[in-house]
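Here is the structure we will look at, set down as C-alpha cells.
Protein chains in written order, with this note's numbering: chain A, 400 to 718; chain B, 400 to 718; chain C, 400 to 718; chain D, 400 to 718.
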C-alpha cells in the first residue's frame, strides 16, 4: 500500500526526513506487537523508545497536552510536573493500560543499574479498538506488552493495522499507526499517531467522500520526537500544535474523544521562544501527514465488535 | 462585499441562524466603535453583551480556553474559577486593554442597582493592530470604549474593518471582525472573531494562493454564545473546539500568537456530556466561517505601521 | 490507640460526624487489604466506593487537584474532562498502579448490566511504601486488589498501618490511613488520606519535637466525599483546599512529593459559589485531622527498606 | 513597630538575608505610592522591579500560580506561555487594575530603546481595599501608579499600611505589605505580600485570640524573587509552595478569595528538579513570615467602608 506522499498528497511546506518517520530522529526506536487471532482478537501494542540506553538513568525532556480528556493516558501528571520521561511510551487498547504499566515497570526494574529503583512513572496511551477487537478479553497480556518493548528498533516503521493500531477505526474506515517527519532549521521532528477517531475526513483540505459523517467518536494519541534542544515548556507548546494537524483532517472532537499529545526531545537545552515558530508549523503538518499515512496503510479488516457482539468488516481508505 | 455563504463557500453541515451572526442567540448585543482618522489611526473596540440587563446582577455561565497565550486577555482567572461573566466583553488593541478595563469598571459602577459594588471582573480581549495603526498613541480612549458598550444592539452585525477589527491583518490580508451562527438540536450557537493572525489561508480546505506564507504572526480572539444550557465546564470544552476551526483556516499558531476563546451561555443549566458532540462540531465550523467572513468583509486599507514607522497598504481578500 | 480527638487535639471549628470518618457521608464504603508477610512484605490496598450500586451506571460528580505531581495517579484526565467517577477509587503502592487498574477493570466488567462495556476509567492513587516494603516484589496482586473492593463496607474505618497505609512513613514516623469528617450547613464532608510524606510535623499548630527534619520526601493522596450537591468545578475547588490542611501539618512539599486530591459528591446538583466557603474551611480542617489520625493510629513497624536493601524499624507517633 | 523576628517569632529553619526583605535578592527594587487623604482615600500602589535596567529588553524568567482565582490579576496567560516577565509588577486595588496597566504600558513605551515596541504584557495584582477606602473613586490615578514605579529602590522595604497595602484588612485586623527573605544553598529567596484576606490567624502555629472568625473573605498577592537560576517550570512550582505559607497563617481560602503567586528569577539557567526541595521549603516559611510582618507593621487605621458607606476603624495586630 502506498503512503500519502507516494500518492502525490504532499502536506505542508517542510521536507520530510529520509524515512518520513519518527525514527528519523536519531536514537528513536519503535516496536510493535500485533495480535490477530481467530475471529475476535485484533489488538496489540506499540512501544516508543527515545533512545536505546537506560532511559530511567538518562531521561529526556518531555511535554504533554490534552485536547479532550476522555481517555486513560497514564503518567501524565509526573511528565507535566518534572518535564521528563523516565520510561518508554507504550500505546495499546483502552482496557489494557494497567497491563502496559505492569510491563513498563517490569522492564525498568530489570534493567542493569536499576537494582534499587523503587519509583517508576510508566507512560501509556490508548485508544479503543472494541469496534474490531474483543477488548474485554484482556489482551495484550503483560508478556505481550514486553514483546513490543523488546522488538523496538530504529529504521523504517511499520504502519497501518499493526501494534496498537491493529484494531483501530478512523472516520468509519480502518485506522491504525502512522508516522511522518520533517526537517526544520537543521533539526528533525517526527510524529507517530494511533488514529482511532471520527469526523468528516479531509485529504489535504479536500473532502474524502467515502467516509461516513455518522462515525464521529473515538480517540487519537500523538507522540512527537525531536532532536531540537527544547525545554519541557516548549515541548508542551509543540505538543499542543499537533491538535491543529488533527483538526485539519476533519476530526469532530466529539465528547467521547481522548485526544492526547506527548512530545519529547532527545537533546537537552533551552531553545528560545523566538525560534519555535517553524517547529510549531512543522508539528501541525507532520501530524496531519502521519494520520493520513495511518489510514492509507491500514487496509481492510474483519473482526468482532465488542459492543454489539457481532462480527464487523471495516474497509481501508483507497485514493 | 459578500460574505462567505453569498459566494457559495458553505462551511460544515449545520444550518446557520437567520442572520448567520452571534446575535442569532437571543439577547446578545454587539457594539462597535471604529476609529479611522488621518493617516495613522486605524483602531477601535467591539463590545459583546450577553443580554440587555444588568449583567453584574444577572450573570451568565462562561468558560475560557487558551491555545497560545502570547496575549493580554483580562479577567481570565476569575472566569475560570467562578465559571461566570459579570461584565460585557470588550475587544480592542493590545495596548488598550487597561483603558478597556477602565471603561467596563465605569460602566458597571454606573448601572442602577450597583451603588455598593466594589469588585468587578472586567473581561477584555485584544489583538495587535500596529501593522496599520499607531498603536502607541493611546486610542481608543476610555470614553471611546464606552461608546462601543453604548452602541451595542441586537440584529445584524457589521463585519470586517470595524470596531476592534479596524486595523487587523490576517494572512497578510486585511483582517477584522467576522461572525457566523448555527442551529444545533433546537439551540443556537453564535461566534464572533477578531481575526489578526497568520499562516497559509485555506478556504473550505483549499489553498488560497494570494496569501503570503511569510506572514505567520498574530492573534485571534474568539467569542462564542449559545442558548443551550451549558455549565462552565462544558462551555470551556466548547471554547476549546473553536481552535479546530481556527486550525482549518490554515493558522500557523506561531510563537507570537495570542489565541483565546471565551464561551458563554444565556440559559442556566447542565446539559449532560453525552449531548455535547453536535455542539462541539458546530463550534468548529461556525468559527471557521466567522473567520472567512472577517476576511471577506474587510476590504483594502491604507494605514501606518507602528513598528517600521512607515505607511502601509493591505489588500482585502477577493474570491 | 487513641485518635487525635480522644487525646484532646481538636482541629478547627466544625463538629465531626458520628464516626468522624469518611463513611459518615451516606453510602460511602471503605475496604482494606493488608499484607504483612515475613520480613519484607508491608503493603496493601484501600478501596473507596461512593455508593454500593453499579457506579459505572450511576456515576458521581468528581473533581481533582494536584499540588506536586511526582506521582502515578491514574484516571485523572478523564475525571477532569467529564467531571465524574465511574469506578471505585483504589489506593495502593507506587509500583502497583497497573495491577490496581486491572482489578478495577475486571471489577467493572463483571458487574451485572455491564456486559457490553468497553471503556473504563480506573482511578488509582498511590504512595511509595518502599521504606518498609519490598515494593519491587509485585504485591498486592490483582486478586488482592479485588479483595479490597470486595471488603468495602460502611461503618467505622480502620486506620493507621492498614490497607494502602500498611507500609507508609510520614515525618520519619509510621504513617498510614487516616480519616475524619465534618458537618457543615446540614451536609457531611469526609476525608480519607494515605499519608506518606515528610516535613516538620505540627500538631494543631505546635511543633512535634520527635520528628526528624531530614525526612522531607514522600507523598499523600487525599480522597474527599460529600453529600452536598456540588458540580465538578466546585468539587475541584474543594479538593484544592485539602492542600491547606496538608500544609498546616508541616509538609515540606518537596520535589519528590506526589500530592493529589480527589473529591466526589454523592448528590447531583449545583450548589452556588456563594455557599462554598464553609465547605472550603471544613475541607482544610478535616484533612488536617485525618492526617493526624493516620499518624496516631499507626503504631511501630519493622519492615524492609527496598532502596537500601536493609531491615528498617519505624516508630509510631505517641503524644 | 517591631517585625515578627524582633518579637521573637522565628518562622522556619532557614536564615534570613541581611534586610529580611525581597530586596535581599540583588537588583530587586520596590516602590510605593501611599494615598491617605481626607476621610475616604486609603489606597496606593506598590511596584516590584526585578532589576534596574530595561526589563522589556532584558527579561527575567517567571512562573505563576493561582490557588483561588476570584481576582483580576493581569498578564497571567503570557507569563505562563512564555515563562518571562517583560514589565515590572504593580500591585494596587481591585478597581485600579486598568489604570495600573496603563501606567506600565506608558512606562515601557517611554524607556530608551523601546521606540518601536508595540506589544507589552503588563503584570498587575490587586486586592480589595474597599473596607477602608472609597474604592469607587478611581484612585490611584495612572500618574500616581507611575510614581510607584519611579520611587522604586533597593534597600529596606517599608511595610504595613503603605503602597498597595494602605487600605488592606487581614483577619479583621489591619493588613498590608510585608516582606521576608531566606538564604538557601548560597542563593537568596525573597517574598513580598499584599495581605488582605481572612481566616483564623495563627502566629507560628498558635492561635491569635484577638482575631474574628467571622472575617474570612479577601485576597492575597504573593511576589517571590530569587537569584537561583530557575526555569519557568520550577518557578511555577516555587510559586505554588507559597500557598502553604499562606495556609499556615490560618487562611480560610474562602470563595471570594483571590490568591495569586508570581515568582521570578534574576539569573537565567535550569537548576535541576532534584535541587529544588530546600527552595520549596524556604518559599513556605518566607511567605508565612512576610504575612506576619505585614500584619505586625500595619498599625491602626480609620477609613471608609465603600460597601456599607460608613466610616470604619480597624485595629493593628499587637503581640
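C-beta atoms are modelled at their ideal positions from N, C-alpha and C, and glycine is treated no differently.
Keep in mind the model is a prediction, meaning the values are calculated, not measured.
Whole-Å CB distance - residue i paired with residue j, under 8 angstroms assumed
i: residue 634 of chain D; j: residue 679 of chain D; result: Contact doesn't hold; Cβ gap of about 12 angstroms is too wide.
i: residue 730 of chain C; j: residue 560 of chain C; result: There is simply no residue 730 of chain C to check, as chain C begins at 400 and stops at 718 in what is shown.
i: residue 430 of chain D; j: residue 550 of chain D; result: 4 angstroms
i: residue 587 of chain D; j: residue 639 of chain D; result: Rounded, the Cβ-Cβ distance is 20 angstroms, inconsistent with contact.
i: residue 575 of chain C; j: residue 594 of chain C; result: 6 angstroms
i: residue 733 of chain D; j: residue 662 of chain D; result: Outside the shown range of chain D (400 to 718) lies residue 733 of chain D, about which nothing can therefore be said.
i: residue 657 of chain D; j: residue 468 of chain D; result: 7 angstroms
i: residue 578 of chain D; j: residue 558 of chain D; result: 6 angstroms
i: residue 676 of chain B; j: residue 615 of chain A; result: 6 angstroms
i: residue 481 of chain C; j: residue 535 of chain C; result: Their Cβ separation, rounded to whole angstroms, is 35 angstroms, which puts residue 481 of chain C and residue 535 of chain C out of contact at 8 angstroms.
i: residue 660 of chain C; j: residue 621 of chain C; result: 4 angstroms
i: residue 505 of chain A; j: residue 444 of chain A; result: The pair is not a contact, with the Cβ atoms about 14 angstroms apart (cut-off 8 angstroms).
i: residue 410 of chain A; j: residue 403 of chain A; result: 7 angstroms
Burial state of residue i, where buried means 16 or more other Cβ atoms lie within 10 Å
i: residue 514 of chain B; result: exposed
i: residue 653 of chain B; result: buried
i: residue 687 of chain D; result: buried
i: residue 664 of chain A; result: buried
i: residue 475 of chain A; result: buried
i: residue 547 of chain C; result: buried
i: residue 671 of chain C; result: exposed
i: residue 673 of chain C; result: exposed
i: residue 517 of chain B; result: buried
i: residue 599 of chain D; result: buried
i: residue 631 of chain B; result: buried
Proximal residues to residue i (C-beta, below 6 angstroms), its chain only, five neighbours per side dropped
i: residue 442 of chain C; result: 434, 492, 528, 532, 538, 565, 566
i: residue 478 of chain A; result: 461, 463
i: residue 418 of chain B; result: 555
i: residue 446 of chain A; result: 430, 487, 489, 547, 548, 551
i: residue 647 of chain C; result: 687
i: residue 457 of chain B; result: none
i: residue 629 of chain A; result: 664, 670
i: residue 439 of chain A; result: 533, 703
Neighbourhood of residue i by C-beta, 7 angstroms cutoff - its chain only, sequence neighbours within 5 removed
i: residue 413 of chain A; result: 581, 582, 583, 681, 684
i: residue 408 of chain B; result: 602, 603, 691
i: residue 401 of chain C; result: 695
i: residue 700 of chain C; result: 441, 531, 560, 573, 713
Check whether residue i and residue j have beta carbons under 7 angstroms apart
i: residue 704 of chain C; j: residue 530 of chain C; result: yes
i: residue 525 of chain D; j: residue 432 of chain D; result: no
i: residue 711 of chain C; j: residue 698 of chain C; result: no
i: residue 507 of chain A; j: residue 455 of chain A; result: yes
i: residue 642 of chain D; j: residue 466 of chain D; result: yes
i: residue 484 of chain B; j: residue 523 of chain B; result: no
i: residue 510 of chain A; j: residue 521 of chain A; result: no
i: residue 693 of chain D; j: residue 590 of chain D; result: no
i: residue 501 of chain B; j: residue 497 of chain D; result: yes
i: residue 718 of chain B; j: residue 406 of chain B; result: yes
i: residue 553 of chain B; j: residue 666 of chain B; result: no
Own chain partners of residue i with C-beta closer than 8 angstroms, once the 5 adjacent residues on each side are dropped
i: residue 450 of chain A; result: 426, 427, 428, 457, 459, 665
Length-filtered (3 minimum) beta strand (DSSP E) runs lying within the stretch 534-568 of chain A: Listed in chain order, there is nothing to give.
Beta strand (DSSP E) runs wholly inside the stretch 455-502 of chain C, at least 3 long, in chain order: Whole beta strand (DSSP E) segments, 3+ residues: 459-468, 488-492.
Only counting runs of 4 or more residues, tell me where the alpha helix (DSSP H) segments fall wholly within the stretch 624-654 of chain C, in order along the chain. You should have 631-647.
Write down every uninterrupted run of the beta strand (DSSP E) in the stretch 405-463 of chain A whose length is 3 residues or greater and which is fully enclosed by it, in chain order. Taking only runs of at least 3 residues, the beta strand (DSSP E) segments lying wholly in the stretch 405-463 of chain A are 428-436, 440-448.
Residue ranges of each beta strand (DSSP E) run of no fewer than 3 residues wholly in the stretch 665-708 of chain D, ordered along the chain? Unbroken beta strand (DSSP E) runs of no fewer than 3 residues, entirely contained in the stretch 665-708 of chain D, are found at 700-704, following chain order.
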